[in-house]
Ligand SMILES: Cc1cc2nc3c(=O)[nH]c(=O)nc-3n(C[C@H](O)[C@H](O)[C@H](O)COP(=O)(O)OP(=O)(O)OC[C@H]3O[C@@H](n4cnc5c(N)ncnc54)[C@H](O)[C@@H]3O)c2cc1C
């Protein structure tokens, strides 16, 4: 038996979330004794690192049909790899690619699936996976009833463990159907980490008054090595791009640190960020609801506090 | 153009989340239900816009019990032509997707639109599963959809950015922010919705592949530690030495 992991690549690299998924699979395998097989589609120059996080072998699927992101075809390739490797557990990262591919595979294999896992499965007796539900306001423990089980792991949910194996790499060219979906144009916004995978996030809201004031937010983010995010009205007013909108109707994130500046802390905003490990709120209003959800707080004017924080962060980097 | 829009019922975003029956069931007491925002704001409204521009019909599909009918009527009030409810308490996404696909197979639609996820189960599962059961291309997290003849031009969110793709009908799409602007139903729509057809269909046989064993609320947060606005540097000290995250 084996555990099969889809290792997502971007810009010729196996992605950070893929290493987390491989490490997750390897941690399950520690108990079950299964072999861990990582499947990579497309080019990546860091395939070797998959062993570090626990892959025993790597199946590198080569097909010019897969040059573009083709969820239906990747699911087909995963199904073939699962059959080849006699896989009983299949792992994805719960990122934009996993969200597209994993459900297709579940339907094709009639396999029980849990998306957005936040912990290792409980395997004594029933097979139960914990996931966040109600936009982070609660957890569900979901039992999978089928022999083949599919899990997608929330990025940054678990510390990735190192196994330092040396994985063998094998190329496979599976016979795949023709895709009806043609990619015309790609607009890669940045080579930076996507918000969902960022460990540190600096976010700001309507309290900043206007888009011209984001310079200090970006500076703080840069000094800390953080990604930037914003509240919904800020993206609705086009002060910031839509992909920065976090919350119940935006992106849900769980970074190690979330700094909320000039954001009131409405329930719909908190729903997207309340899984963060540490939350900092900076707000002029001591009654702002965000302070109830925060671990650290500063009551103060962002226009005074943030520049001082930038200076302090820069000084810290020089220590 | 025949469009099927799948909607799910979800608790209002301000609902207090609590559980009953020894933490095995969501406590619906006092909870207001809405159409899942991604299904309503984006999938449904974009479907209606396409119908208005190109002709055709928008059918609403919901898998659920009779208590979902008011939610379905709201979608009709926003402008859908008719609705179908598959009469079954949903237990897992695969079961729901199977019912949707079985219905769609018999009623050949040009496209099946759904939201990218529900705000209760946060699964992001149904669209992809329906596509697989129908053996149709799945376009996930779409933020724009335009039609010329049978060809759709779609912008979708991918890891690190967006891309523009082309696909011919039929296909299955999950909708994200950007597709359309929410519509508020007017009085005429609400009146008309009362008499629009809502067909109840019995489910086909299926077996649960997964089920919720129990729910859990996160532990309560401790008190917020306050730092003086005069000395923000102390915050970074705490984040480094106490929280150990920077
Ligand atoms: C169905 C639904 C879904 C929603 N989904 C989302 C979502 O996904 N994400 C989201 O963010 N919102 C969402 N909302 C909106 C949400 O309810 C709030 O309206 C929104 O989060 C408020 O954004 P804000 O905190 O930036 O602005 P405001 O509520 O205007 O808050 C601004 C804050 O800035 C503070 N402030 C002002 N000046 C300063 C200063 N100089 N320095 C420091 N602080 C200052 C104020 O005290 C205030 O607390 C949703 C609403 C609904 C109904």
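Protein chains in written order, with the numbering used here: chain A, 1 to 319; chain B, 320 to 565. In this text, a Cβ means the ideal position worked out from N, Cα and C, and glycines have one as well.
Asked	Found
Within 10 Å of its beta-carbon, does residue 217/A have 16 or more other beta-carbons around it, so buried, or fewer, so exposed?	buried
Any heavy atom of ligand 1 closer than 7 Å to the CB of residue 282/A?	yes
Taking Cβ positions only, does residue 460/B come closer than 8 Å to chain A?	yes
With a 10 Å radius around its C-beta and 16 neighbouring C-beta atoms as the bar for buried, classify residue 76/A as buried or exposed.	buried
For ligand 1, any of its heavy atoms closer than 7 Å to the Cβ of residue 54/A?	no
How about residue 114/A and residue 91/A: do their beta carbons lie closer than 8 Å?	no
Collect the residues with a C-beta less than 5 Å away from any heavy atom of ligand 1 and give them in sequence order along the chain.	205/A, 206/A, 207/A, 231/A, 232/A, 233/A, 247/A, 248/A, 249/A, 250/A, 262/A, 263/A, 264/A, 266/A, 268/A, 269/A, 283/A, 284/A, 285/A, 288/A, 301/A, 302/A and 332/B
Would residue 331/B count as contacting chain A if we go by Cβ distances under 8 Å?	no
Along the beta strand (DSSP E) that carries residue 458/B, what are the first and last residues, could you check?	457 to 467
Distance, Cα to Cα, residue 157/A vs residue 371/B?	44 Å
Please name the residue, chosen from 198/A, 61/A, 133/A and 312/A, that lies closest to residue 8/A on a Cα-to-Cα basis.	61/A
Decide if residue 237/A is buried, meaning its Cβ has at least 16 other Cβ atoms within 10 Å, or exposed.	exposed
Does DSSP classify residue 237/A as helix, strand or coil?	coil
Taking the alpha-carbon of residue 35/A as reference, which of 214/A, 319/A and 56/A has the nearest alpha-carbon?	56/A
So is residue 518/B buried or exposed if we call it buried at 16+ other beta carbons inside 10 Å?	exposed
Is it true that the CB of residue 469/B sits closer than 8 Å to the CB of residue 487/B?	yes
Counting pairs of beta carbons, one from the region 229 to 236 of chain A and one from the region 200 to 209 of chain A, are three or more of them closer than 8 Å?	yes
Going by Cα to Cα distance, which pick from 129/A, 125/A and 124/A is closest to residue 112/A?	129/A
Please determine if the region 353 to 368 of chain B and the region 432 to 443 of chain B are in contact, where contact requires at least 3 C-beta pairs separated by less than 8 Å.	yes
Return the chain-ordered list of same chain residues with a C-beta closer than 6 Å to the C-beta of residue 246/A, the five sequence neighbours on each side being excluded.	229, 253, 272 and 273
Pull out every residue of the region 435 to 460 of chain B whose Cβ sits closer than 9 Å to any Cβ of chain A, in chain order.	435, 436, 438, 439, 440, 441, 442, 443, 444, 445, 446, 447, 448, 449, 450, 451, 452, 454, 455, 456, 457, 458, 459 and 460
Do residue 172/A and residue 59/A come within 8 Å of each other at the CB atom, strictly closer than that value?	yes
If you run the structure through DSSP and keep just helix, strand and coil, what is residue 640/B?	Past the boundaries of the shown model lies residue 640/B; chain B is included only from 320 to 565, so the question cannot be answered.
Need the endpoints of the alpha helix (DSSP H) that residue 163/A sits in, please.	First-last for residue 163/A: undefined, no H or E at that position.
Report yes if the C-beta distance between residue 83/A and residue 54/A is below 8 Å; otherwise report no.	no
DSSP three-state call for residue 430/B: helix, strand or coil?	strand
Starting from the C-beta of residue 162/A, find all residues in its chain whose C-beta is less than 7 Å away, skip the five residues before and the five after it, and write them out in chain order.	52 and 53
Flag residue 348/B as yes if its beta-carbon sits less than 8 Å from any beta-carbon of chain A, otherwise no.	no
Residue 322/A to residue 69/A, Cα distance in whole Å?	Absent from the model: residue 322/A. The displayed extent of chain A is 1 to 319, so no value can be given.
Nearest CA to the CA of residue 196/A: which residue from 479/B, 536/B, 501/B and 512/B?	479/B
With which residues is residue 122/A paired in a DSSP beta bridge?	128/A
Counting Cβ pairs, one atom from each stretch, are 3 or more of them under 8 Å apart for the region 90 to 105 of chain A and the region 395 to 411 of chain B?	no
From the DSSP output, which residues share a beta bridge with residue 475/B?	461/B and 482/B
If I follow the unbroken beta strand (DSSP E) through residue 140/A, where does it start and stop?	138 to 144
Output, in chain order, the set of chain E residues within a Cβ distance shorter than 8 Å of residue 557/B.	Given the protein chain composition of this structure (A and B), no chain E is represented.
Which residues in the same chain have their Cβ closer than 8 Å to the Cβ of residue 364/A, if we skip the five residues on either side of it in sequence?	Since the first and last residues shown for chain A are 1 and 319, residue 364/A lies out of range.
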